[in-house]
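Worksheet for the structure shown next.
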Amino acid sequence: MPTVTLNRKVFENLVGKKISDNELKDRISMIGTDLESLDKNEIVVEIFPNRPDMLSEQGFGRALSSFMDIKTGLKRFEVKPSGDKVIIDKSVKNIRPYTTCAIVKGLKFTDEKIRELIQIQEKLDVTFCRKRKKAAIGIYPFEKIKTPIRYLALKPEDIKFIPLESKEIMNANQILIKHPTGRKYGHLLEGLKLYPVFIDANNEVLSVPPIINSDNTGRITENTTDVFIECSGFDFKVLNDLLNIIVTALEEMGGKIYSMELVYPEKKRTTPILEPRKMKIKTSYVNKILGLDLKEKEIKKLLERMGFGYNKENVLIPPYRSDILHEIDLVEDISIAYGYENLKPEIPNIATIGVEDGFSKFKNKISNILVGLKLLETNTYHISNKQDQANKMELNIKPIELENALTIEYDVMRSWMVPSLLGVLSTNKHNEYSQNLFESGIVFKKGGSETGVEEFTRLAVVTTHKDTNFTEVKQILDYLLNGVGLKAEIQDTEHPSFIPGRVGRVSVNGKNVAYIGELSPKVLSNWGIEMPVSCFELNLTELYKLIEK
Amino acid sequence: MDIKKLAETLTPLEIKILPVLKKYTSFSDIKDKSGIGEVEASRALKFLKNKELISVEEIDKEAIFLGENGKKYLKTGLPEKRLLEIIKDESMSLEEIKFSTTLDKDEINVSIGVLKRKAALDIFKKGNTLILKINDNGRKLLKKEMLEEQFLSKKFPIEATSLTDEERFAYDEFKKRKGIVKKENIKEKTIFLTPTGKKLAASKLSSNVVDKLTSSMLKTGSWKGNRFRRFDIKTKVPQVFGGKRHFMNEATEYVKKIWLELGFKEMTGGIVQTSFWNFDALFTAQDHPIRDLQDTFFLKNSKGKLPSKEVVSRVKKTHETGWTTGSKGWEYKWDPEEARRNVLRTHTTALSAKTISTLKQDELPAKYFSVGKCFRNETIDWSHLFEFNQVEGIVVDPDANFRHLIGYLKEFYHKMGYKDVRVRPAYFPYTEPSAEVDVLDPIHNEWIELGGCGIFRPEVVKPLLGKDIPVLAWGLGFARIVPKYYDIKDLRDLYKNDIKMLRGVKTWLK
């Protein structure tokens, strides 16, 4: 989850008072963010992804000061028309169809404020914009730009400008190859014949979204007072929400918001739209969900503590709160304002009957029988590799593969259990023998109706010491089956993992349920095990079905 | 313990050796005089020492031992003597000698050297060959035992400082040759009786105590009137290892027990799930970062089937527009193909979603739990594993509320042994209100974050159940409680299966 670093002084100015460490720690947790670290100068907070509006000093300060009853209630944002236009060409329609734009004037940039601005942009890039996949943000010094601005699509070789952090003119193709930011985000333009571009009335390139701004017209300095902001992407509403988060933060920085006219081929629009949204809320619903008995007046106060307005069952939602999808989201904000710590826990007096799953119970009983035979239970991973599952077992099988494994050591789902136990034996050669082990675990095979993958629980038992033999594991199997009222029949079989003539196929009531035998010396040497091993692997899922019958 | 009882603790070996200790102090003497083997003698002395009946002093000494050749020559005779034997009747060339003996080349050469120094041979050349001939000195030497032979037949080891002049001469001679003698440091033990030991040795020791109760003694009654040897019950015994459940499974069983006691029904289900159940049914937008390859394990070329058309269409509409849930939805186009991709479940909440979709009106209120493995695409290190256990629970009850949720979870963690439990706001795409549960670790006095909970959003419940009622839900970890209980610092140790550790680990005592 993203963290945001807040300058404590700036933050305390926004809140309007000095706050003790302890109070800060407590309030930051209880508003629904995670405090990472806190010292004299800096506060580092983890912001949950539903609250992109809190990814800046300004946004976080606004929320926290309201939560601490310093500045509560709905904040209204004034928007004046700028008279400036952005003309959207039809060429972007199938490329990157939408943009939302605004101008914020009267900002006094310092090093600190430029850092804040960059932070807002970077954090939103990663979270809300999904690493620029969903949307991209551009912020420009307005004094360098002449309106009307055009948003259109051009051939990459015809887009020429000096990108940020570079000194030479490049075309868009070169930027994607040479420039670090170009290389990082270039995949987002893959396969396009034309690239989107913002160009001003002087024919100066402002940027190629979602890649990079021009160094000439797209770099904020300490001399900048007015900024032009554009968000570009594929969904107008998403872009409007994004623009609102940015301009409201800039307003908190001391700026004044000006709207722009967006001339789309089919119609004109004006952004930003900072009117609060309305949503109905019922006192009874709030009380039902929270198990409280709040009066309407109290609910109003709690909503105001979270920065909302309230008027006769209508909640006014500030323009930066795009996360409010449903009445239930307001209920959560009310409960946060009420304080989770003030909610009295209660266990309702309703009678329900506890029921353990039959198969879990069965599996447990099997384990207990084996523990009685002095076997030690192990616990191994479900994810394995083909070497262990097949090659080392001298077996030709294809286990189910993962698409995106991080290491070749763990890249398939195990298809049987014996290899897992051999893995354990191979790492325990220094420990005292006998090593007699068992584990019931889930194995994966192709088949089954819903996912195409069938899961079985299989029990593997291994006995490992100098005198182990077929008889020993057969005794264990007999004892085990006898304990659950069943009887095994063994047929001669061939299995590449076992010594020929010392391996059997076990069936119960005519159903094949297990292999049993002495593992072949080849297999043992593949695992580097220097002690004979006898084993069986029993399908507990099938066995349970037989018992259920 | 009084002398009489002490006497009853003695084994037959100790009884044999004890009287000898009155006169002798060196181990070899004690062994010889008591007439028992070396192993038995040391064992008996160890028993006596444990009972504090003797004390043992050890002195470092240099001692001379016979080497490999020394032991051989003790049996076969010295090679120089054997050489003399061969040529005692006639002079022989070196080749002839080599031919008529089992002595090897080195031994022949050494022997010639020795015999030359003792002036027992005449050696001369005939053409190109050396001829050896015994002389009078040689013949005399044949008849008597040489100093070296006397030395060889001594009892080894011999203490290096105690050699006589003759012995020293022989030793110095042998030292020049290969593998006959060697000098080593030894610890010589001197064994004394302690005052109690003396008393005991002076008393009359009867070997008439019975060592072992046998079945035939019981059958015949011959045990009557017998005394049994007293054991040294404080002595250490070799370890035995019983069978044992894996400690993680013991903890899991305990967790299950808690929910059963609270009246919950267990749910089970597959580890492999379609994205539909793992994400879409839980109102997780298809572009949510959790659905990226770096967070979730996907199966290669593997797609599953979606559930009934009705459920799929409701979920689709809910994502896109909110359907009839009263929500805005995520306002994007929902793709059924994306929902078919198979994943290793990232949470057991997938099981909860499935359970809700099968619930019938007359089954309410219903309470379900599960404990199962979940997966996250992480590289393993000391604080990360790609597999972890989750404790899942839902309460489907038209009258449930957020305070009940806190009530259930506090009760659960109390039963897990944590007195202080707190909840604080959190975010999950499928719950609202959402909370994070922390418990206070009483030893380190710090809050440990254990998992998420909340009330399922209407966007989750209504498409699955057909109507919107509160569903309390949680997905808690205990992979942080178990290591603390067992003082495990490295999470990998949970599944390392070190047999020594598994055998030694304490049982789950809650």
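Residue numbers (numbering that gives the first Met the number 0), protein chains in the order written: chain A, 0 to 548; chain B, 0 to 509.
Think of the CB as a built atom: it goes at the ideal place given N, C-alpha and C, for glycine as much as any other residue.
These figures come from a predicted structure and were not determined experimentally.
| Query | Result |
| --- | --- |
| A:Glu488 beta carbon less than 8 Å from that of A:Ser506 | yes |
| Chain-ordered neighbours of B:Asp489 on chain A, where CB pairs are closer than 8 Å | Per Cβ cutoff of 8 Å: no residues; B:Asp489 is ~15 Å from chain A at best. |
| A:Ile546 versus A:Ser359: straight-line alpha-carbon distance, rounded | 14 Å |
| Three-state class that DSSP yields for B:His383 in the structure shown | strand |
| As assigned by DSSP and simplified to three states, the class of B:Val19 | helix |
| Whole-angstrom C-beta distance between A:Glu115 and A:Glu56, which should lie under 8 Å | 6 Å |
| Contiguous alpha helix (DSSP H) assignments of at least 4 residues, all confined to the segment 222–289 of chain B | 246–260 and 274–277 |
| B:Pro469 - containing beta strand (DSSP E), residue span | Element bounds for B:Pro469: n/a, residue is neither H nor E. |
| Opening and closing residue of the alpha helix (DSSP H) in which A:Gly422 lies | Val417 to Ser425 |
| Members of the segment 245–276 of chain B that neighbour chain A once the beta carbon cut-off is set at 8 Å | His245, Met247, Asn248, Glu252, Lys255, Trp258, Leu259, Glu260, Leu261, Gly262, Phe263, Lys264, Glu265, Met266, Thr267, Gly269, Ile270, Val271, Gln272 and Thr273 |
| DSSP beta-bridge partners of B:Arg340 | B:Lys302 |
| Per DSSP, the bridge partner or partners of A:Val452 | A:Lys445 |
| Coil, strand or helix - A:Glu312 by DSSP | coil |
| Contact list for the segment 282–296 of chain A against chain B, Cβ threshold 7 Å | Lys287, Ile288, Leu289 and Gly290 |
| Same chain only: Cβ atoms within 6 Å of B:Asn134, ignoring 5 sequence neighbours per side | Asp121 |
| Under 8 Å by beta carbon: chain A residues contacting B:His413 | Near B:His413 there are no residues of chain A at all, since even the closest Cβ is about 10 Å away, more than 8 Å. |
| Helix, strand or coil at A:Asp410 [DSSP, three-state] | coil |
| Nearest-angstrom beta carbon gap, B:Glu410 and A:Ile346 [assumed within contact, 8 Å] | 6 Å |
| Neighbouring residues, chain B, relative to A:Lys133 (Cβ below 8 Å) | Asp286 |
| Contact check, B:Arg421 vs B:Leu449, beta carbons under 8 Å | no |
| Inter-residue Cα distance where the pair is A:Leu151 and B:Lys308 | 42 Å |
| Reference A:Glu250; option with closest CA among A:Arg75, A:Ser206 and A:Ile382 | A:Arg75 |
| Beta-carbon neighbours of B:Glu511, restricted to chain A and to distances below 8 Å | A query on residue 511 of chain B cannot be resolved here, the shown segment of chain B reaching from 0 to 509 and no further. |
| Proximity test, Cβ basis, 8 Å: A:His178 and chain B | no |
| Chain-order list of residues whose beta-carbon lies under 7 Å from that of B:Glu106 (same chain, five-residue window excluded) | Pro78 |
| 8 Å Cβ cutoff, B:Asp497 in contact with chain A | yes |
| Per DSSP, cross-strand counterpart(s) of A:Arg504 | A:Gln490 and A:Tyr514 |
| Chain-ordered chain B contacts of A:Lys373 [CB-CB under 8 Å] | Phe240, Gly241 and Gly242 |
| According to DSSP, residues forming a beta bridge with A:Val226 | A:Val103 and A:Pro140 |
| Between the CA atoms of A:Phe443 and A:Thr269 - distance to the nearest angstrom | 56 Å |
| Same chain, Cβ closer than 6 Å to B:Ala284, five either side skipped, listed in chain order | Trp329 |
| Sub-8 Å separation of A:Ile327 and B:Glu431 beta-carbons | yes |
| Residue-chain proximity (A:Leu342, chain B), Cβ-Cβ < 8 Å | yes |
| C-beta atoms of B:Leu131 and B:Ser90 nearer than 8 Å | yes |
| Distance, B:Val109 Cα to B:Asp103 Cα | 10 Å |
| Within chain B, the residues that A:Val91 reaches when beta carbons sit closer than 9 Å | In chain order: nothing, as chain B lies at least about 19 Å away. |
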